[in-house]
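As they're listed, the protein sequences go chains E and X. Residues in the first sequence are numbered from 542 upward in steps of one, following the working numbering. Residues in the second sequence are numbered from 542 upward in steps of one, following the working numbering.
2 protein chains.
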Amino acid sequence: MLWLRSCKLVLLQIDMGSTIQNPACQHCRDRFSSIFCKAEQCNLEQIDQAKVCSVYKKGQVIFHEGAYPFGVYCINDGKIKLSHSGDDGREQIIRLVKAGDIMGYKALLSNERYTATATALEDSSICFVPKDLFMSILQKDASLSFEMMRILSSELRKAELKITHLAQKPVRERLAETLLFIKETYGVEADGHTLSVRLSREEIANLVGTATESAIRLLSEFKKDGMIELEGKKIRLLDLQQIVKTANLQD
Amino acid sequence: MLWLRSCKLVLLQIDMGSTIQNPACQHCRDRFSSIFCKAEQCNLEQIDQAKVCSVYKKGQVIFHEGAYPFGVYCINDGKIKLSHSGDDGREQIIRLVKAGDIMGYKALLSNERYTATATALEDSSICFVPKDLFMSILQKDASLSFEMMRILSSELRKAELKITHLAQKPVRERLAETLLFIKETYGVEADGHTLSVRLSREEIANLVGTATESAIRLLSEFKKDGMIELEGKKIRLLDLQQIVKTANLQD
DNA sequence: ACTTCACCTTGATACATATCATTCCCAGGG
DNA sequence: CCCTGGGAATGATATGTATCAAGGTGAAGT
């Protein structure tokens, strides 16, 4: 049922981004070495041979909910959103992915279809490591397993916290929290205030778990209260302390 | 901040349950062998020597949010709830644990304090495997790592789904969903209808992520609609099809 | 420069759900 | 036996959010 809808969409996603064979993407290589090469016997050469690096344009889908995974992705450069699409079409953003992060491992490890769709928030350079290689390293190299378990545990912890907040905190607090989360994930521009992602109001709402109009209204309030500054999709966090207070964090 | 509050409570939890040294708890042994002994070289003897089995009474806390983990727990028999306590004191139930499940691994693997509190929903027999042993097996035995990754991935998938539903579905649907979830987790009694856990209305509400009164009201409605039957804490699922429909599942 | 379109914004309104208050029920203890 | 207290239930009410509707804005394209 779910994947029937997805299949249709997968067909639209023939465009794999421009593939760069045997790329010199050093960033990606660094990331890989830190994630995949914790042990002495480093697998970098193997990975360099097998990996496929591609560039995805803003808005492009990297993998789609319901599809079968054939490997893991490592972000060399760029920003990605992972999202569920509820039945009513509304999207829920589950995770924000940044350079150096890997994604697509959950489906691979549990041997299931993707439960989320990965979409580029801006032009992104992404490496793909085939399933077989990944699994074989995992088999041999305990340190990669530990790293994966660490990542999974950490994501699970975050997800559970989000569940609690979604169930217990009002939208206002969650929005403030989300702004801080975006800052933490993608950082700010040179001025030290402007969030360095451009998200639509709808995307912000889907991150917070609320209606677009509510997100807009509350952002306006935050602005009126001098906490933030809005200029199109630019969001500047002016009074961080006040935002933290509004988020009402305690953990 | 969080763990300061927790510490206070941990002190109340000196009672570790009655410890059974070198127990003959076969159920637990079976569970361990299926989880910890996938590989040829089975570690069962080691585990048998090191593990400590205890019996916890209903309501007793097995481990507490904010405390440091010293090992993993395997449920030999009984039912456990894992919950976050929000700052305002309201609890959010994150997971229901049953015989054969393990718990406490997340904190151990990410090397952090517990983020949830484990409380016995009924008298339970639980085995404890010390951190060192667990980690050393994990180091040697890739199949245990795979199993752990599989478990973590699966939990993460469920958590993300819950996030989406919490953000997008009304309480009515979530309650129906929760009833089905409870049935799936703990099963039903001999009559084929009565859920085999007794949860307070508050606990049900904390599972759904709503106010206690709302849960009560909706349960009454469900009853009026002939979907369920209520008798104290006994809940009988009469019209499963109707409940599924109310839950409005699509995945 | 005009159109177009996607996005943002604001207002009015409805509704679901939380909250508060009260009563009821029942089991446990003196 | 009655008393007591902790859930459970129900009603009244408040309120936060979603939803619907109607402009507004700005950028891209013709």
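Note that beta-carbon positions come from the ideal geometry of N, C-alpha and C, so glycine has one too.
Tell me the DSSP secondary structure of residue i in three-state form.
{"i": "X/Met644", "result": "strand"}
{"i": "X/Gln633", "result": "strand"}
{"i": "E/Leu661", "result": "The sequence shown places Ala at residue 661 of chain E, not Leu. Strand at E/Ala661."}
{"i": "X/Ser741", "result": "coil"}
{"i": "E/Asn563", "result": "Legend: pLDDT at E/Asn563 = 45, less than 50; position of this residue unreliable, no value from coordinates given."}
{"i": "E/Lys764", "result": "helix"}
{"i": "X/Lys639", "result": "strand"}
{"i": "X/Gln791", "result": "coil"}
At what residues does the beta strand (DSSP E) containing residue i begin and finish?
{"i": "E/Phe675", "result": "Careful: E/Phe675 lies outside any beta strand (DSSP E), inside the alpha helix (DSSP H) at 672 to 681."}
{"i": "X/Glu772", "result": "769 to 772"}
{"i": "E/Lys620", "result": "620 to 626"}
Mind checking whether residue i and residue j have CB atoms under 9 angstroms apart?
{"i": "X/Phe669", "j": "X/Val749", "result": "no"}
{"i": "E/Ile635", "j": "E/Ala608", "result": "no"}
{"i": "X/Ser651", "j": "E/Ser651", "result": "no"}
{"i": "E/Leu716", "j": "E/Ala659", "result": "no"}
{"i": "X/Leu781", "j": "X/Thr726", "result": "no"}
{"i": "X/His734", "j": "X/Leu778", "result": "yes"}
{"i": "E/Ile704", "j": "X/Lys703", "result": "yes"}
{"i": "E/Ile616", "j": "E/Ile643", "result": "yes"}
{"i": "X/Lys620", "j": "X/Ser665", "result": "yes"}
{"i": "E/Ala661", "j": "E/Gly600", "result": "yes"}
{"i": "E/Leu760", "j": "E/Arg742", "result": "yes"}
{"i": "E/Arg758", "j": "E/Glu663", "result": "no"}
{"i": "E/Ile588", "j": "E/Leu697", "result": "no"}
{"i": "X/Met689", "j": "E/Met676", "result": "no"}
{"i": "X/Lys672", "j": "E/Ala683", "result": "no"}
{"i": "X/Asp494", "j": "E/Gln590", "result": "Because chain X here runs from 542 to 792, residue 494 of chain X falls outside it and cannot be looked at."}
Just reading off the alpha helix (DSSP H) that residue i is part of, what are its end residues?
{"i": "X/Val712", "result": "712 to 727"}
{"i": "E/Leu736", "result": "Per DSSP, E/Leu736 belongs to no alpha helix (DSSP H) and is neither H nor E."}
{"i": "X/Leu778", "result": "Not the alpha helix (DSSP H): X/Leu778 falls in the beta strand (DSSP E), residues 775 to 778."}
{"i": "X/Leu781", "result": "781 to 788"}
I'd like the list of long-range same chain contacts for residue i, defined as Cβ closer than 8 angstroms, with 5 residues on each side in sequence excluded.
{"i": "E/Lys710", "result": "Glu718, Asn789"}
{"i": "E/Val729", "result": "Thr735, Leu736, Ser737, Leu778"}
{"i": "X/Gln783", "result": "Asp766, Gly767, Met768"}
{"i": "E/Glu795", "result": "The question about residue 795 of chain E has no answer, for chain E in this structure spans 542 to 792."}
{"i": "E/Ala764", "result": "Checking the sequence, you will find Lys at residue 764 of chain E rather than Ala. Once the five neighbours on either side are set aside, the close Cβ partners of E/Lys764 are Glu770, Leu771."}
{"i": "E/Asp732", "result": "Arg777"}
Bridge partners of residue i, per DSSP?
{"i": "X/Phe669", "result": "X/Val593, X/Tyr614"}
{"i": "E/Phe687", "result": "E/Phe687 pairs with nothing; no bridge assigned."}
{"i": "E/Val749", "result": "DSSP, once it has assigned bridges, lists no residue as partnering E/Val749."}
Within the same chain, show all residues whose beta-carbon is closer than 6 angstroms to that of residue i, passing over the 5 residues directly before and after it, in chain order.
{"i": "X/Thr751", "result": "Val712"}
{"i": "E/Glu632", "result": "Ser624, Ser626, Asn747"}
{"i": "E/Lys775", "result": "Thr735"}
{"i": "X/Thr787", "result": "Ala717"}
{"i": "E/Phe611", "result": "Lys672"}
{"i": "X/Ile723", "result": "Leu736"}
Leaving out five residues on either side along the sequence, give the residues of the same chain with a beta carbon under 7 angstroms from the beta carbon of residue i.
{"i": "X/Arg654", "result": "Trp544, Gly607, Ala608, Tyr609, Ala648"}
{"i": "E/Thr753", "result": "Arg742, Glu743, Ala746"}
{"i": "E/Lys592", "result": "Cys668, Phe669, Val670"}
{"i": "E/Lys639", "result": "Ile616, Lys620, Thr726, Tyr727"}
Is residue i near the ligand NAD - that is, is its Cβ less than 8 angstroms away from at least one heavy atom of it?
{"i": "X/Gln601", "result": "What this structure holds is no ligand at all, so the ligand NAD is not there to describe."}
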